[in-house]
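Take any residue in the sequence shown, count from 1 to its spot, add 14: that is its number in my numbering.
Ideal placement from N, C-alpha and C gives every residue a C-beta, glycine not left out.
One structure below.
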Amino acid sequence: MIRNTGIKSCLLVCVFTFWANTAIAVDTPSEPRGTEVGQSLVKWEWDRVSSAELYEVVIDGTEVFTTSDPQYFSFNLWAGEHSLTVRAKNWNGEYSARTPTVKINVSDWFSAASYNRSYIAGEESTSLVSSSAPAPIQEGQLLSKPTDVRGSVTDVGTILWQWTSVPGANTYDVTVDGGYAGTTSVTEFTSSGLWEGDHSMTVVAIAADGDTSERSMTAKSWVGAGVQSDSVVLNSQTSSVVAPPSPVGDTDAANVQSMIDPASYGYNEVYNRSGYDLVFSDEFNGTALNPYRWNTGHRWDGEFNGERFEYRVINSEKQFYVNIFSDDEEHIRDIASVYNPFELSGSSLAIRAIKNPLKTNNNNSAYGSMAEISSQQDFLSGSIATHDKFSQKYGYFEARIKIPSHIGTFPAFWLFHENSVAEGTQKTEIDIMENLGHAPHYVYNTFHYYKDVSPSYAGTYNFIKPNPDGQIFTGIDYSQDFHVYAVEWQPGRIVWLIDGEQVSEVTSSEVDFEELYIKLNLAMGGNWTNFPTNLGGLGRSSGQYFPTQDDLNNFNNPALEIDYIRVYKKR
């Protein structure tokens with residue numbers, strides 16, 4: 015969605031001018047370089063900077079990652095040219111200059127060499143077999159791989175993927191944007207409802223007896239705001255690249271070290287909140303998520319859910335949250351490099367869920383290591399939160415949001431307790447907006463808290479039902495457009511509003527206990543999704559709980575779209 019961006023205030027210009035003239039106190043990383051170490055895999059390296067805490071890595075001009083090591087691995091790359099720049103950040107939050115861009119051309123690997131890779135004692139070893147010798151035929155790969163893979167935009171948000179027929183093939187498994195998209199018996203597949211940006215596809219041929227081909231090379235196609243035919247076609251015969259448009263949005267927005275997005279002052283409505291002052295905002299007009307305002311790790315009960323050795327599954331939900339700002343190298347290398355759920359269009363943020371390409375088993379552990387939990391969850395998704403960055407007691411909290419209408423989605427905009435159990439908390443939670451994707455006409459408002467919480471006792475759960483009802487039905491399908499969801503939180507009272515109209519309220523002294531931080535996330539499945547219909551759920555029998563195979567086959571990469579978030583404090 016594109017909103018009227020207005021005129022940026024002098025404050026925005028002054029802030030950027032100040033930073034532009036500030037002396038850089040961190041050395042620029044030297045000797046940036048890239049090495050193709052495997053199929054669709056590049057190892058980027060640079061010389062260590064002694065004063066650096068982290069390095070900010072930019073891949074192909076748009077994908078931004080952080081790492082504490084002077085190296086980074088890019089996975090699942092298409093054949094063709096890829097680039098890197100990097101800058102260092104010290105403990106004081108100061109950045110170095112960015113390195114010159116280093117480029118590497120990733121080969122059509124299957125036609126160039128066969129590749130065997132193993133990990134021994136945590137180190138990678140590689141062996142390359144020259145293309146002059148025929149690559150050995152692997153068991154289960156007796157068919158020739160599909161070639162001439164290509165994509166063309168046929169309608170808004172729609173790509174027709176096509177490839178050549180493979181003799182002996184009965185069906186084809188199609189992967190779109192890194193996740194399984196479906197199976198077809200013909201040599202084409204349609205992806206619809208796609209967001210604006212780059213999309214990719216690979217295909218595998220399958221014989222009637224289950225034998226499979228090698229995976230095809232990657233076809234890429236750029237979906238714009240309207241119908242267009244620009245596409246990237248990458249196959250074993252040719253490699254022609256049509257570059258996508260340059261990133262849309264303010265390239266400096268992610269570097270603004272302020273809880274208030276200066277761009278907010280370009281919107282007249284910011285000045286119209288009578289009796290309140292703006293204290294936090296993000297207009298999402300940049301090209302990357304701002305790390306000074308947001309964390310992308312998910313917390314529960316005041317503790318981090320997403321430390322390297324303990325990842326928890328809450329409410330039997332089916333997603334694994336990708337933490338693009340993780341301090342854990344393993345998470346960045348093995349998870350965040352595979353998928354980034356945060357897409358910025360230049361005017362809004364989308365948190366998009368995909369089928370998990372890392373899934374290898376159907377385990378159902380409630381907690382475990384990163385490898386254990388990431389390999390069992392059905393989906394990858396995202397969560398943003400301001401914990402340890404911004405929290406507030408009382409005020410006006412609002413976000414303009416478009417929810418997905420998709421079986422299994424569970425988006426939420428909520429406020430959660432900053433304190434851990436050891437610090438003293440009632441585990442306070444104010445749910446400003448929750449929804450179950452199969453019922454986009456319903457929005458839920460909730461206030462939860464616990465009494466007598468201690469390090470040795472989880473506390474007694476309490477829920478105060480909003481008046482007149484926490485289940486809001488106005489006859490509107492909230493997935494069809496953006497709507498403003500808000501709470502006005504005052505001593506002893508919480509009022510919920512949609513598009514400026516009050517829909518429910520709670521009056522209780524229990525709302526006064528503690529400061530809360532902001533959280534937005536897109537969960538998938540879980541207990542509530544599968545509850546009986548009288549509690550909002552799908553009402554399916556236990557053997558048909560989401561996600562069934564039909565749910566997975568029909569999965570279409572839904573997104574929670576966020577236009578802006580603004581928080582005000584009473585004068």
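C-beta atoms of residue i and residue j nearer than 8 Å
| i | j | result |
| --- | --- | --- |
| Glu-519 | Asn-476 | no |
| Asn-304 | Asp-264 | no |
| Tyr-531 | Ala-426 | no |
| Phe-496 | Arg-580 | no |
| Thr-198 | Val-188 | yes |
| Lys-103 | Gln-85 | no |
| Pro-160 | Ser-110 | no |
| Tyr-492 | Lys-369 | no |
| Gly-396 | Lys-583 | no |
| Thr-423 | Pro-546 | no |
| Met-538 | Phe-430 | no |
| Arg-164 | Ala-277 | no |
Per DSSP, the bridge partner or partners of residue i
| i | result |
| --- | --- |
| Leu-450 | Partner(s): none; Leu-450 has no beta bridge. |
| Lys-465 | Thr-474 |
| Val-520 | Ile-508 |
| Trp-503 | Gly-409 and Ile-508 |
| Val-167 | Ile-173 |
| Met-538 | Thr-423 |
| Glu-297 | Answer is none; Glu-297 lacks a bridge partner. |
| Lys-57 | Thr-49 and Phe-87 |
| Ala-102 | Tyr-69 |
| Arg-414 | Val-498 and Tyr-578 |
| Leu-358 | Leu-363 |
| Gln-333 | Phe-393 |
Min CB distance residue i to chain C below 8 Å
| i | result |
| --- | --- |
| Lys-584 | In the structure shown, chain C does not exist; there is a single protein chain. |
Pick from the options that is closest to residue i, judged by C-alpha positions
| i | options | result |
| --- | --- | --- |
| Lys-441 | Glu-108, Gly-539, Leu-450 and Lys-465 | Lys-465 |
| Thr-81 | Trp-60, Gly-94 and Ile-512 | Trp-60 |
| Asn-184 | Ile-220, Ser-166 and Val-163 | Ile-220 |
| Phe-87 | Asn-568, Val-63, Ala-350 and Gly-196 | Ala-350 |
| Asn-119 | Asn-570, Gly-473 and His-96 | His-96 |
| Asp-342 | Val-56, Arg-62, Pro-46 and Leu-68 | Leu-68 |
| Phe-339 | Ser-419, Phe-356, Glu-45 and Val-40 | Phe-356 |
| Ile-73 | Arg-62, Ala-66, Val-63 and Leu-55 | Leu-55 |
| Gly-473 | His-462, Asp-483 and Lys-479 | His-462 |
| Thr-374 | Gly-550, Glu-386, Gln-85 and Gly-557 | Glu-386 |
| Gln-333 | Ser-383, Gln-390 and Gly-280 | Gln-390 |
| Leu-566 | Pro-371, Ser-158 and Thr-488 | Pro-371 |
| Ser-179 | Ser-64, Gln-85, Val-170 and Glu-202 | Glu-202 |
| Ser-383 | Tyr-109, Gly-165, Asn-541 and Asp-348 | Asp-348 |
| Ala-66 | Arg-47, Gly-75 and Asp-41 | Asp-41 |
Residue i, buried or exposed, once every other Cβ within 10 Å from all chains shown has been counted against 16
| i | result |
| --- | --- |
| Gly-154 | The predicted position of Gly-154 is uncertain, since its pLDDT is 44 and thus under 50; no value can be drawn from it. |
| Gln-271 | exposed |
| Val-200 | exposed |
| Trp-105 | exposed |
| Glu-283 | exposed |
| Pro-561 | buried |
| Phe-411 | buried |
| Gly-240 | Caution applies to Gly-240, whose pLDDT of 46 falls short of 50 and renders its modelled position unreliable; the value that the coordinates give is listed next. So Gly-240 counts as exposed. |
| Ala-453 | buried |
| Asn-568 | exposed |
| Phe-487 | exposed |
| Thr-49 | exposed |
| Gln-406 | buried |
| Gly-551 | buried |
| Gln-176 | buried |
Per-residue DSSP class, three states only, for residue i
| i | result |
| --- | --- |
| Pro-276 | helix |
| Ile-365 | strand |
| Ile-490 | coil |
| Ser-214 | strand |
| Tyr-353 | coil |
| Glu-515 | strand |
| Ile-328 | coil |
| Leu-549 | helix |
| Leu-248 | Reliability of the predicted coordinates at Leu-248 is poor, the pLDDT of 34 falling under 50, and no value is obtained from them. |
| Asn-571 | coil |
| Leu-156 | coil |
| Phe-124 | Unreliable positioning characterises Phe-124 in this predicted model, as indicated by a pLDDT of 35, which lies under 50. The coordinate reading is nonetheless provided below. Note: Phe-124 maps to helix in three-state DSSP. |
| Ser-590 | Missing from the structure shown is residue 590; the chain here goes from 15 to 585 and no further. |
| His-401 | coil |
| Asp-191 | coil |
| Ile-532 | strand |
| Ser-556 | helix |
| Leu-303 | coil |
| Glu-283 | helix |
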